[in-house]
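Participant: Here you go, one structure.
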Amino acid sequence: MNPGFEIPGAMREFAEKSIGQARQAFDSFINTARRTAETTRDSADLARKSTQDAGSHAFQAAEQNVHATLDFAQKLIQAKSLQEAMQLQAEFTRSQFAAVQAQTKEFGSITQGAMKQGTEQFRDAVRDAADQSRT
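If you want it as structure tokens, here you go:
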């Protein structure tokens, strides 16, 4: 090594600028990675909540349907004639058809809401990532 050796000023400036740019790029990368991790966590939380809501709805619907069927069976065994039994069967069929329609509509609403929220989260995450990459 030459004791009088000195790094030229232009080279030093270039190195300092490069280090500053590398630091800025790394900070940008870390911030984007953190936001991605948060978005992933939020998406997982949304999926978990949506699954819980759907499961809860399914149990409520099953409970409602089993109770209706047991009520029908109890009424049916008390029928005094074939005509009364047929009338009970027709009423039960109509009421169950309406109940299943309502349950399906509610389940569809739960699913649609979850999909909408998930799509909005994804859109926002993509928009944030695009904004970050532009800067």
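Okay, so the sequence shown: first residue is 0 according to numbering that gives the first Met the number 0, each after it adds one. Backbone N, C-alpha and C fix where the C-beta goes; we use that ideal spot for every residue, glycine too. Here the structure is a predicted model, which means the values were calculated and not measured.
1) What's the C-alpha gap between Glu15 and Phe121?
2) With the cut-off set at 8 Å, would you say Thr57 and Thr110 are in Cβ contact?
3) Output the distance between the C-alpha atoms of Glu83 and Gly112, rounded to the nearest integer angstrom.
4) From Arg167 to Ala78, what distance separates their C-alpha atoms?
5) Check whether the stretch 59-71 and the stretch 88-106 touch, using three or more Cβ-Cβ pairs below 8 Å as the test.
6) Note down the Cα distance separating Ser17 from Ser42, rounded to an integer number of angstroms.
7) Give me, in chain order, the residues of the same chain whose beta-carbon lies closer than 6 Å to that of Phe71; leave out the 5 immediate sequence neighbours on both sides.
8) Could you check the C-alpha separation between Gly19 and Ala128 for me, to the nearest Å?
9) Ordered along the chain, which non-local residues of its own chain (more than five positions away) have a Cβ less than 7 Å from that of Leu75?
10) Under three-state DSSP, which class holds Glu5?
11) Look at the alpha carbon of Leu45 and the alpha carbon of Thr35, and state the distance between them as a whole number of angstroms.
Facilitator: If we stick to the structure as given:
1) On the sequence shown, residue 15 is found 16 positions in, with the first residue counted as 1. On the sequence shown, residue 121 is found 122 positions in, with the first residue counted as 1. For Glu15 and Phe121, the distance between alpha carbons rounds to 38 Å.
2) In the sequence shown, residue 57 corresponds to position 58, counting from 1. In the sequence shown, residue 110 corresponds to position 111, counting from 1. Just to set this straight, residue 57 is Ala in the shown sequence, not Thr. No, the pair does not count as a contact, with Cβ atoms beyond the cut-off.
3) Looking up residue 83 in the sequence shown gives position 84. Looking up residue 112 in the sequence shown gives position 113. Using only the alpha carbons, I get a separation of about 43 Å.
4) The displayed coordinates of the chain run from 0 to 134. Any statement about residue 167 would go beyond what the structure contains.
5) Counting Cβ pairs under 8 Å, three or more are found: they touch.
6) Counted from its first residue, the sequence shown places residue 17 at position 18. Counted from its first residue, the sequence shown places residue 42 at position 43. Roughly 37 Å between the two C-alpha positions.
7) Position 72 of the sequence shown holds residue 71. Phe91.
8) Here residue 19 is taken as the residue at index 20 of the sequence shown, counted from 1. Here residue 128 is taken as the residue at index 129 of the sequence shown, counted from 1. Taking the straight line joining both Cα atoms gives about 22 Å.
9) Residue 75 sits at position 76 when you count from the first residue of the sequence shown. Cβ within range, chain order: Ala84 and Leu87.
10) Counting from 1 along the sequence shown, the entry for residue 5 is found at position 6. DSSP places Glu5 in coil when its eight states are reduced to three.
11) Position 46 of the sequence shown, counted from the first residue, corresponds to residue 45. Position 36 of the sequence shown, counted from the first residue, corresponds to residue 35. Rounded to whole angstroms, the separation of the alpha carbons of Thr35 and Leu45 is 15 Å.
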